[in-house]
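For what it's worth, the working numbering labels the leading residue of the sequence shown as 25, then goes sequentially. Notes to accompany the following structure.
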Amino acid sequence: MKPPAVDGSAQVRRALCPGSFDPVTNGHIDIIGRAANLYDEVVVAVFVNQSKSGLFTVDERRDMLTEVTTDYPNVTIDVFEGLVVDYCRVHDIPVIVKGLRAVSDFDYELQMAQMNRGLAGVDTLFMPTNPEYSFLASSLVKEIAKWGGDVSSLVPPTVLKRLKERTGSSE
Ligand code: PNS
25 MKPPAVDGSA
35 QVRRALCPGS
45 FDPVTNGHID
55 IIGRAANLYD
65 EVVVAVFVNQ
75 SKSGLFTVDE
85 RRDMLTEVTT
95 DYPNVTIDVF
105 EGLVVDYCRV
115 HDIPVIVKGL
125 RAVSDFDYEL
135 QMAQMNRGLA
145 GVDTLFMPTN
155 PEYSFLASSL
165 VKEIAKWGGD
175 VSSLVPPTVL
185 KRLKERTGSS
195 E
């Protein structure tokens, strides 16, 4: 059971899952779902990167995330431009949850985690991805879909539909 807060009120445990989500994959959903089981509230935030044009607009990414997280009532979706630690500060979120697929993810993720902790005291918890998704990346999904490859086991049906529409692939 959760310990009571010092003032006796219940403490809401909030976590942030930030990312590009262009588009959301089954690997992302695995991490979001597991975070939702561990925290009272999970905010999934699409971070806008002006220097990176995506296949999907930020609004489309938010809509897809909303569609695929309906099973998790404690998950909300948001869009943000700026530093992840500023988002955490404004929304009173002390923890970032990130999925780690392989050792190759670790260098960059560790650097960001240490920077975010140094900047604002925001901690990052790393969650190993389900091995089923250890190879899975949005960039690969987009490339495979673009050339008509089958990505039906890698993304939820609503994302698959939008990928087919956007890339004009029939697979
Ligand atoms: O899905 P991605 O592309 O791996 O997500 C990367 C993301 C959005 C989580 C990362 O780029 C990020 O945190 N961007 C927000 C801007 C920021 O805070 N940058 C400094 C990180 S130390």
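A virtual CB, placed ideally from N, CA and C, is assigned to each residue, including glycine. Quick caveat, the model's predicted, so the values are computed rather than measured.
Item                                                                                                                                                    : Value
To which residues of the same chain is Val103 closer than 6 Å at the C-beta, ignoring the five residues directly before and after it?                   : Val70, Val82 and Arg86
Within 10 Å of its beta-carbon, does Thr94 have 16 or more other beta-carbons around it, so buried, or fewer, so exposed?                               : exposed
Taking the CB atoms as reference points, tell me whether Asn154 and Thr148 lie closer together than 8 Å.                                                : no
Please check the pair Ile120 and Leu40, which I expect to be a contact at CB under 8 Å, by giving their CB distance rounded to whole angstroms.         : 5 Å
Of the choices Gly145, Phe150, His115 and Asp116, whose alpha-carbon is the least far from that of Phe130?                                              : Phe150
So if I measure from each beta-carbon to every heavy atom of the ligand PNS and keep distances below 6 Å, which residues remain?                        : Pro42, Gly43, Ser44, Phe71, Leu107, Val108, Met136, Met139 and Asn140
DSSP three-state label for Gly145, please.                                                                                                              : coil
Does the Cβ-Cβ distance between Thr182 and Met88 come in under 8 Å?                                                                                     : yes
To the nearest angstrom, report how far apart Lys143 and Ser193 are at their CA atoms.                                                                  : It is worth fixing the name first, because residue 143 is Leu in this sequence and not Lys. Looking at the two C-alpha atoms, the distance is approximately 44 Å.
Tell me the start and end of each unbroken beta strand (DSSP E) in the segment 39 to 115 that is at least 3 residues and wholly inside, in chain order. : 65 to 71 and 99 to 104
Going by the DSSP bridge assignment, what does Val183 pair with across the sheet?                                                                       : Val183 pairs with nothing; no bridge assigned.
What three-state label does DSSP hand Val127 in the structure shown?                                                                                    : helix
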